[in-house]
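Numbering (my numbering), first residue to last: 3 to 410. The beta-carbon is built from N, C-alpha and C at its ideal position, and this holds for glycine as well.
Here's what the structure looks like:
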């Protein structure tokens, strides 16, 4: 049977003229859809290149003014202060350029650390700190060399907007890549130096907090332990003295004296324990090997101590190593459920390495409590390393690394 179709009918598989895709139009010879020749990022880069000229003019004039006036007046009283003030202003110019690069070029650069003027001391020390600021001097160099580059980019991009339209995106990207390289090279903070400064500032805070915590612990131990016993001792001896003055030298007075004698012995023992907690005498007299062996003897599980040290490190490093092992063995006694443990101490080049192992249940983590985290912070404060390997089910291996400093 023959089926007739009217002109307006559409058979299955037919494509209406308005339903063709962009690829079908191109294949069939039709014009492609209208699309923007430049995307938003390219327009941002063009704006950055056109703004290079006014910004480079401003930066060049500022730098030449600061350097000329400051250098010409260095023989006077106000010369160096003006130069220091100008360098502080150069920091602000660099901050503005980093922000412009972030907004228009997508270059994200960390801000340099501010100058520690409050800790520098007097006005002369602050001025000297500003005069030798490497961030400000790199910004001065950046503004000094940017004037020819700003003129070049403006002279190339502005005519290209009209005569080199098809090649404008490629030309823009090439010029802005050079801009990105200059910004990263001259306006970035010194990565290693800035990282080290940040670490030292953080470590200093940790050391201060640790010292304050130790002082509070000592004060609390003295107040709650030895001081309380000495107060009871004074009261008991006072009562015994009154009875003796009244002629009552009986068994009650003898009991008071005996109790006071016991309090004295307990107070002395607590003071010795407290002094050993501050810095053990065996560590001072005989070194790390003997001190660690004494700590291991107090552990509830058998501990094998191996110390391969030809000489003794500096007292501060020796003390940190001692308290690190002492805390770790205390954790072994309390939490590990281990049957055996070992402590190995040795020196490799300029590092002191400590490894504490136990065959307990494992599961130890730095974020599980304040003990492990406190040890890590204490080692980090002296440029050390603290690594915990403790899978569930054990065993646990804790490795500590300290810088070696010879005993002065």
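As assigned by DSSP and simplified to three states, the class of residue i
i, result
"residue 312", "coil"
"residue 359", "strand"
"residue 113", "coil"
"residue 392", "coil"
"residue 4", "Confidence in residue 4 is poor, its pLDDT being 37 and thus under 50, which makes the residue's placement unreliable; the coordinate value appears in the next sentence. Residue 4: coil per DSSP, three-state reduction."
"residue 387", "strand"
"residue 65", "helix"
"residue 399", "strand"
"residue 344", "strand"
"residue 37", "Confidence in residue 37 is poor, its pLDDT being 39 and thus under 50, which makes the residue's placement unreliable; the coordinate value appears in the next sentence. Residue state, collapsed to three classes: coil."
"residue 21", "The pLDDT assigned to residue 21 is 41, lower than 50, so where the model puts this residue is not dependable; a value taken from the coordinates is nonetheless given after this. Reduced to three states, the DSSP call for residue 21 is helix."
"residue 302", "coil"
"residue 287", "helix"
"residue 317", "helix"
"residue 367", "coil"
"residue 1", "The structure shown does not extend to residue 1, since the chain is modelled only from 3 through 410, so no value can be given for it."
"residue 405", "strand"
Residue i to residue j span [Cα, whole Å]
i, j, result
"residue 300", "residue 328", "10 Å"
"residue 367", "residue 395", "13 Å"
"residue 152", "residue 163", "17 Å"
"residue 43", "residue 165", "21 Å"
"residue 134", "residue 119", "13 Å"
"residue 141", "residue 407", "39 Å"
"residue 54", "residue 114", "23 Å"
"residue 173", "residue 125", "50 Å"
"residue 346", "residue 307", "6 Å"
"residue 403", "residue 267", "40 Å"
"residue 315", "residue 237", "47 Å"
"residue 349", "residue 187", "40 Å"
"residue 423", "residue 103", "The requested residue 423 is not part of the displayed model; the chain covers only 3 to 410."
"residue 321", "residue 191", "36 Å"
"residue 362", "residue 310", "25 Å"
"residue 304", "residue 398", "15 Å"
"residue 143", "residue 75", "21 Å"
"residue 30", "residue 167", "Because the pLDDT of residue 30 is 41, which lies under 50, any placement of that residue in the model is unreliable, and the question is left without a value."
"residue 288", "residue 356", "18 Å"
"residue 157", "residue 41", "22 Å"
"residue 83", "residue 109", "34 Å"
"residue 1", "residue 52", "Because residue 1 is not part of the residues shown, which for the chain are 3 to 410, the question remains open."
"residue 127", "residue 341", "60 Å"
"residue 159", "residue 376", "58 Å"
Cβ neighbour criterion (16 or more within 10 Å) applied to residue i
i, result
"residue 179", "exposed"
"residue 400", "buried"
"residue 378", "buried"
"residue 358", "buried"
"residue 338", "buried"
"residue 47", "buried"
"residue 155", "buried"
"residue 380", "buried"
"residue 88", "buried"
"residue 34", "No answer about residue 34 holds up, because its pLDDT of 42 lies below 50 and its placement is not dependable."
"residue 79", "exposed"
"residue 392", "buried"
"residue 290", "buried"
"residue 354", "buried"
"residue 312", "exposed"
"residue 77", "exposed"
"residue 360", "buried"
Neighbourhood of residue i by C-beta distance below 6 Å, restricted to the same chain and skipping five residues each side
i, result
"residue 100", "111 and 189"
"residue 56", "none"
"residue 149", "58 and 62"
"residue 374", "368"
"residue 284", "292, 293 and 296"
"residue 146", "65"
"residue 86", "129, 132 and 133"
"residue 364", "392, 393, 394, 395, 396 and 398"
"residue 239", "262"
"residue 185", "103 and 109"
Close Cβ partners of residue i (< 8 Å) along its chain, the five nearest in sequence each way excluded
i, result
"residue 297", "324, 327, 328 and 331"
"residue 38", "Interpretation of residue 38 is limited by its pLDDT of 47, a score under 50 that renders its predicted location unreliable; no figure is taken from the coordinates."
"residue 73", "81 and 85"
"residue 352", "405 and 406"
"residue 319", "354, 384, 404, 405, 406 and 407"
Sequence-distant residues of its chain with Cβ nearer than 7 Å to residue i (five each side left out)
i, result
"residue 107", "47, 50, 178, 181 and 182"
"residue 117", "131, 132 and 135"
"residue 93", "137, 138 and 141"
"residue 390", "366, 367, 368, 374 and 400"
Proximity test, Cβ basis, 8 Å: residue i and chain C
i, result
"residue 127", "The structure shown contains no chain C; it holds only a single protein chain."
*Whole alpha helix (DSSP H) elements within the segment 154-189, 4-residue minimum*: 170-189
*In chain order, each alpha helix (DSSP H) run of at least 4 residues that lies wholly inside the segment 71-151*: 81-107 and 125-133
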